[in-house]
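Chemist: Numbering-wise, the sequence shown is residues 18 to 196 according to the working numbering.
C-beta: ideal position from N, C-alpha, C; glycine also.
Every value quoted in this text rests on a predicted model; they were computed, and no experiment measured them.
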Amino acid sequence: MLEQRQQLERAEIHDVLSNDRRWQVLELLADESPRTLRTLADQIAAVEAGESPAPRQVRQSVYVTLHQNHLPKLDSLDIVRYDDVSKTVALGDRADDIDVYLEVVERGHLSWSEYYVGVVLVGLLATLASLLAVPAFVYLTPVTFAAGALLVLLVSLAAQIYQQGSPWTDRLRRDAGGD
Numbered sequence: 018m019l020e021q022r023q024q025l026e027r028a029e030i031h032d033v034l035s036n037d038r039r040w041q042v043l044e045l046l047a048d049e050s051p052r053t054l055r056t057l058a059d060q061i062a063a064v065e066a067g068e069s070p071a072p073r074q075v076r077q078s079v080y081v082t083l084h085q086n087h088l089p090k091l092d093s094l095d096i097v098r099y100d101d102v103s104k105t106v107a108l109g110d111r112a113d114d115i116d117v118y119l120e121v122v123e124r125g126h127l128s129w130s131e132y133y134v135g136v137v138l139v140g141l142l143a144t145l146a147s148l149l150a151v152p153a154f155v156y157l158t159p160v161t162f163a164a165g166a167l168l169v170l171l172v173s174l175a176a177q178i179y180q181q182g183s184p185w186t187d188r189l190r191r192d193a194g195g196d
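Here is the structure:
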């Protein structure tokens with residue numbers, strides 16, 4: 018029988034992401050994995066110092082805290098795989114559990130909240146246009162436009178919840194898998 022991996026608890030996720038250096042490690046690894054400890058330390062130090070390359074003391078401080086504290090913690094939770102001999106770091110099996118919290122909207126793309134505002138505005142404007150008998154909108158009733166917008170919202174919300182995961186969708190996935 019296959020062993021099912023437990024998801025991280027919200028408190029663990031919050032604890033991991035409450036530290037800027039751990040957050041930056043995960044963002045950097047999301048862009049490129051694996052990386053060396055030295056590369057991670059240099060990039061994080063440059064952000065903290067506001068200059069590149071960062072002063073030696075800053076780079077050394079970041080290196081030591083990553084090596085002694087942050088990477089072992091992330092490794093113990095299986096969020097990253099840290100090889101302290103080769104000093105390489107890669108995303109671990111549980112990195113997906115925190116992916117949604119790291120999601121950054123790329124320039125030119127919409128966040129979920131902006132998308133929802135857009136759907137509501139389009140639905141509202143189409144409903145008003147139908148009420149005011151604007152020529153292109155008279156073929157459908159205002160209720161049809163409003164119902165269509167609500168349906169799009171409902172399907173979008175379901176897709177977002179399923180994509181990001183929740184206890185309810187996790188249970189559905191387990192049940193569908195026969196576990």
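1) Quick one: any contact between the stretch 131–150 and the stretch 163–183, if contact means 3 or more CB pairs under 8 Å?
2) Ignore the nearest five residues each way along the sequence and tell me which others in histidine 87's own chain have a CB closer than 6 Å to its CB.
3) Who are aspartate 202's beta bridge partners in DSSP?
4) How far does the alpha helix (DSSP H) with threonine 144 in it reach, from first residue to last?
5) Once DSSP output is grouped into helix, strand and coil, what is the label at arginine 76?
6) Isoleucine 115 and isoleucine 61: beta carbons closer than 7 Å?
7) Thinking C-beta only, is arginine 73 closer than 7 Å to aspartate 59?
8) Where do the N-terminal and C-terminal ends of the alpha helix (DSSP H) with leucine 157 fall, by residue?
9) Buried or exposed for arginine 111, please, with buried defined as at least 16 other CB atoms from any protein chain shown within 10 angstroms of its CB.
10) Terminal residues of the continuous alpha helix (DSSP H) containing serine 93?
11) Tell me, which residues are paired with valine 52 by DSSP?
12) Since valine 210 contacts leucine 34 with CB under 8 Å, what's their CB separation in whole angstroms?
Modeler: To lay it out plainly:
1) yes
2) Arg38, Arg39
3) Here the chain covers residues 18 to 196 and nothing more, so residue 202 does not appear.
4) 129–148
5) helix
6) no
7) no
8) Careful: leucine 157 lies outside any alpha helix (DSSP H) and carries neither H nor E.
9) buried
10) 88–93
11) As written in the sequence, residue 52 is arginine, which differs from the valine given in the question. Arginine 52 is bridged to Val106.
12) This structure cannot settle anything about residue 210, because the visible part of the chain is limited to 18 through 196.
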